[in-house]
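The working numbering numbers the first residue of the sequence shown as 1 and each following residue consecutively. Heads up: the structure comes next, in structure tokens.
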Amino acid sequence: MQKITFLLLALFCTSSFVMAQESEEKLFDISFHGFVAVDAAHNSRVGNTLRNKHIYLYPLPEVLDTETGIDLNGRGNTDIDAAHSRFGIHVKGPIVNGISVYGLIEADFLGDARAADSNFRLRHAFIRLGYGDFTLTAGQTWHPFFIPENFPNTAHTGVGVPMHPLSRNPQLRLTWHQKNFELSASFIEQNNFRTTGFGEGSEFGEMPEVTLQLKLWRGNAWGSVSAGYKRLAMPAIEETATIGTYVGSFHAQTTFRYRFPGVLVRAGALYGENTSELAMPGGVARTLASTPENPEFIPLAYGSLWTDMERHSATWSPGVFVGYTEALGASENVDGATAFGRDTRVANVFTISPRLRYHINTATWVALEYMYTEAGWGNSYDEKGVPSDVKTYANNRILLSMRYTF
């Protein structure tokens with residue numbers, strides 16, 4: 001795998017050099033971006049993580065050793081890594097018949113599996129066509145719920161998960177741009193961010209996820225409203241005729257940003273049914289009316305709130321992130337014992353994360369961040385599939401992060 005990674009890097013750089021040499025003739029505008037990043041983190045408790053432990057979600061519940069009675073998840077751990085360093089290439093032009101063309105390829109080294117901590121991984125790869133007030137984006141990029149104009153500016157790479165969504169998807173997105181607003185419609189499939197337990201549910205769902213979004217701005221204020229629907233094919237379940245059946249789910253989000261003198265405030269609220277692909281807890285459960293011959297599964301919903309405040313200066317930038325997510329359950333009575341997905345026993349998660357960034361120069365910063373996270377885990381479910389008999393576990397995380405941007 002290391003040889004493949006090296007070859008990809010060599011081809012990437014060589015092709016970029018060749019294109020740069022021919023840019024004048026082909027009217028291409030080529031530029032590079034990226035950063036080198038190093039994170040050193042210590043956790044007081046084992047947690048559920050993503051992307052080779054770079055993204056911390058919440059602390060795991062107690063698991064007792066059968067011989068000693070020691071809580072195996074009560075141990076601390078330390079990690080130092082630079083695999084989330086990344087680079088990308090932007091290509092613009094040529095403009096023909098009023099149609100502009102823009103392309104982006106971006107990658108990092110987080111791999112696609114927990115054991116592959118330094119494997120080459122595609123992040124973004126898309127083409128964007130522009131004509132008049134419209135753009136069409138085709139390829140892999142941010143899910144519409146991850147909004148580049150408004151997300152938590154945490155020092156860690158998790159950007160506020162699980163309260164704030166995180167996902168990249170293959171998609172087609174048509175956007176209408178106006179002076180103070182824009183409207184978009186996105187048609188989305190799943191790739192390496194997939195709904196837990198559903199395998200190829202997106203492909204066999206026979207229709208893409210559809211998300212509509214409105215962005216508004218005026219002066220120092222900015223806001224967005226988004227809503228979407230997806231349908232996934234149910235996976236095979238023993239002694240249950242789930243093949244050929246589907247489960248549909250809705251999700252909605254609103255975000256807000258306001259720039260005060262010297263302080264930037266961001267905030268958001270999200271409702272999601274079976275949205276584990278957004279790096280959140282979620283899943284499905286079987287209704288009480290369901291039978292093995294005619295199974296009926298419905299989504300389990302979660303709601304979340306978050307805010308991020310940061311003071312801007314040329315040298316020191318203090319900030320704090322606060323978020324909360326809670327299980328809302330299903331729209332009708334379900335059998336909690338049949339629930340599956342990502343951590344459907346999570347009843348709630350609370351996080352507060354103050355940080356202090358020191359800007360060495362405009363391209364380099366060092367940050368110290370403390371993150372306190374509580375997660376309530378249920379030992380059973382109520383009639384709506386909401387975790388009950390809840391016990392809370394906490395984690396204290398200290399992070400030292402360095403970043404050099406180019």
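Backbone N, C-alpha and C fix where the C-beta goes; we use that ideal spot for every residue, glycine too. Treat the numbers as computed from the prediction; the structure is a model and nothing was measured.
- If the five residues before and after Y258 are omitted, its C-beta is found closer than 7 Å to the C-beta atoms of N220, A221, V265, all from its own chain and listed in chain order.
- Distances from the CA of L399 to each of S276, H33, L300, V38 were compared; the closest alpha carbon is that of V38.
- Bridge pairing for L122: A107 [DSSP].
- Looking at the backbone, the Cα of D29 and that of A125 are separated by about 17 Å.
- Selection G103, W217, T78 evaluated against I127 yields G103 as nearest (Cα-Cα).
- Here DSSP, grouped into helix, strand and coil, assigns S331 to coil.
- For N73, the secondary structure class from DSSP, reduced to helix, strand or coil, is helix.
- Using a C-beta cut-off of 8 Å, the region 358-365 makes no contact with the region 65-72, since fewer than three inter-stretch Cβ pairs fall below that distance.
- A straight line joining the alpha-carbon of G268 with that of L305 spans about 6 Å.
- In the assembly as shown, S380 is an exposed residue. Its beta-carbon has fewer than 16 other beta-carbons within 10 Å.
- In this structure, DSSP gives F204 a helical state, which the three-state scheme calls helix.
- For E374, same chain residues with a beta-carbon under 6 Å away, outside a window of 5 residues either side, are F350, T392, A394 in chain order.
- Taking a contact to require three or more Cβ pairs closer than 8 Å, the region 172-181 and the region 128-140 qualify as touching.
- DSSP places I298 in the uninterrupted beta strand (DSSP E) bounded by 297-311.
- The alpha-carbon separation between H90 and G34 amounts to approximately 11 Å.
- Of all alpha-carbon atoms in L136, V96, G132, M163, the one lying nearest the alpha-carbon of F146 is that of M163.
- Of the candidates G47, K179, I243, V386, I243 places its Cα closest to the Cα of P292.
- Here DSSP, grouped into helix, strand and coil, assigns L288 to coil.
- Looking at the backbone, the Cα of L328 and that of D81 are separated by about 36 Å.
- Taking the Cα positions, E310 is about 43 Å away from T338.
- Annotated as proximal: S353 and E369, with beta-carbon spacing under 9 Å.
- With a cut-off of 8 Å on Cβ pairs, the region 154-161 is in contact with the region 42-62, counting three or more such pairs.
- Beta-bridge analysis with DSSP links I80 to A40.
- Distance from the Cα of T255 is smallest, within the candidate group L278, N150, I95, for N150.
- The secondary-structure analysis by DSSP pairs V96 across a beta bridge with I99.
- Judged by DSSP in its simplified three-state form, E62 adopts coil rather than helix or strand.
- Going by DSSP, D389 is part of the beta strand (DSSP E) stretching over 387-405.
- For R75, same chain residues with a beta-carbon under 7 Å away, outside a window of 5 residues either side, are V46 in chain order.
- Between G98 and the set F134, D108, F120, the nearest pair of CA atoms involves F134.
- For T135, the enclosing beta strand (DSSP E) begins and ends at 134-142.
- For S249, the uninterrupted beta strand (DSSP E) run begins and ends at 246-260, by DSSP.
- One Cα belongs to E182, the other to D389, and the distance between them is close to 45 Å.
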